[in-house]
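Read the structure below first, then the notes.
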Amino acid sequence: RNTMNYILAINLLISVSFYETLNAASHSRIVNGLSAKPNQFPWQVSMMACQARYLACSTCGGSIISPYFILTAAHCIDDKDMFDVWMGSISQFTPKQRYKSTKKILHSDWDPKTLENDVGLIKLSQAIQETPEVQIIKLVSKDVGTLNGQLVTASGFGKIGYQKSSSTTLNFIDLKIISNKDCYRYYGGISQHKLCATATDPTQTVCHGDSGGPLVMIQGSDYVQVGVISFTFSECKEGYPTGYARVSSY
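Following this note's numbering, the residues of the sequence shown are numbered contiguously, the last one being 254.
Here it is, written out as structure tokens:
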């Protein structure tokens with residue numbers, strides 16, 4: 005059961021082709037999500053990940069965690085070797101800054117069958133330029149605990165629904181973290197390196213193309229990243245928990 009659900013998750017959350025993305029409707033968004041305002045999520049990136057040999061590309065999200073590094077999901081970059089990273093705009097195809105890279109780092113214990121340790125890094129060819137539109141997101145501390153019941157926010161340029169178009173503008177949804185025990189009912193084994201969350205509006209969820217994007221919460225006066233979008237229920241069905249790599253595990 006676990007393997008089947010996680011394989012479905014990989015197929016569902018890795019983005020649509022570049023052709024589909026370019027032809028997406030401008031009003032598209034995360035399933036029933038809200039449109040982001042300029043500079044609301046300045047750490048958000050959109051990434052085109054490609055296999056040079058086959059000219060096969062897909063899109064994923066990511067977050068800026070240092071001047072040279074982008075945090076994303078391992079399943080977004082596992083079989084890819086060229087990366088085009090866009091940032092600084094809520095409009096996907098008019099980025100304020102753009103960087104190319106061929107350098108990736110996968111977690112040493114990444115398991116594509118179970119999505120265990122679904123985290124990876126892209127090293128940029130040069131340092132980002134911090135501006136009001138482009139900012140580094142802090143990572144939550146390792147001793148933060150389970151965060152059960154914590155309100156969080158996910159953002160991305162993913163599809164508005166199963167077999168629907170991707171978004172050309174950044175969108176977001178608010179969620180609440182649930183216990184791994186509660187998440188077990190939907191996905192089977194949920195290790196301590198994963199966390200799950202349900203949307204505060206049950207008609208909302210993340211979908212294709214949102215993978216690798218950040219799950220954040222407010223801590224004091226700052227936002228910190230607590231998760232990396234990893235998996236969801238088949239066909240991006242609303243009302244089900246979505247799964248994330250737990251940042252505090254790393």
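No residue lacks a Cβ here, since even glycine has one placed at the ideal position from N, Cα and C. Keep in mind it's a predicted model, so treat the numbers as computed, not measured.
- Assignment of Asn152 by DSSP, reduced to helix, strand and coil, places it in the coil class.
- The beta-carbon separation of Ile132 and Ser105, rounded to 12 Å, does not stay under the 8 Å limit for a contact.
- The three-state secondary structure of Ala131, taken from DSSP, is coil.
- DSSP links Tyr248 through a beta bridge to Leu199, Ile233.
- A distance below 7 Å between beta-carbons, with the five flanking residues on each side excluded, links Gln55 to the following residues of its chain, in chain order: Asp83, Lys84, Asp85.
- When secondary structure is reduced to three states using DSSP, Tyr190 falls in the helix class.
- Between the alpha carbons of Ser234 and Gly247 lies a gap of roughly 6 Å.
- Taking the C-beta atoms as reference points, Gln44 is found no nearer than 9 Å to Met91.
- Taking each of Gly192, Trp114, Cys240 in turn and checking the Cα distance to Ile34, the smallest one comes out for Cys240.
- Our two residues, Ser145 and Phe73, have alpha carbons roughly 18 Å apart in a direct line.
- Taking every protein chain shown into account, the CB of Gly160 has 16 or more other CB atoms within 10 angstroms, so this residue is buried.
- For Ala60, the enclosing beta strand (DSSP E) has its first and last residue at 60-68.
- Fewer than three Cβ pairs drawn from the stretch 148-158 and the stretch 93-111 lie within less than 8 Å of each other, which leaves the two stretches out of contact.
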